[in-house]
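Beneath this line is the structure, given in structure tokens, with notes to follow.
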Amino acid sequence: MTADFGAATWRKSSRSNAEQECVEVAQVPTVIGIRDSKNPDGGHLEFAPATFGSLLAQVKAGDLDL
């Protein structure tokens, strides 16, 4: 996937603040992007909506905790 995120609205959690590391997400018609909020020009990851939903479920369940 290589979607055009040029006009996308990137959002980050309302729980984040300037001192915390966080990610931003944006959605274009068929793709969801994730990027580092402290380095917005450093690139992003792209996911199909179903894959992103699966990722969120794993994060919420703690399956990816180290």
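Counted the way our numbering counts, the sequence shown spans residues 4 to 69.
C-beta atoms are modelled at their ideal positions from N, C-alpha and C, and glycine is treated no differently.
Just so it is clear, the structure is predicted and the values come from calculations on it, not from any experiment.
Check: Residue span of the beta strand (DSSP E) that contains residue 64, given as start and end; Outcome: Counting along the chain, residue 64 falls outside any beta strand (DSSP E), though it belongs to the alpha helix (DSSP H) covering 52–64.
Check: One or two residues paired with residue 6 in a DSSP bridge; Outcome: Answer is none; residue 6 lacks a bridge partner.
Check: Residue range of the beta strand (DSSP E) that includes residue 36; Outcome: 34–39
Check: Host beta strand (DSSP E) of residue 24 (start-end); Outcome: Premise fails: residue 24 is in no beta strand (DSSP E) and is neither H nor E.
Check: Three-way DSSP call (helix, strand, coil) for residue 29 in this model; Outcome: strand
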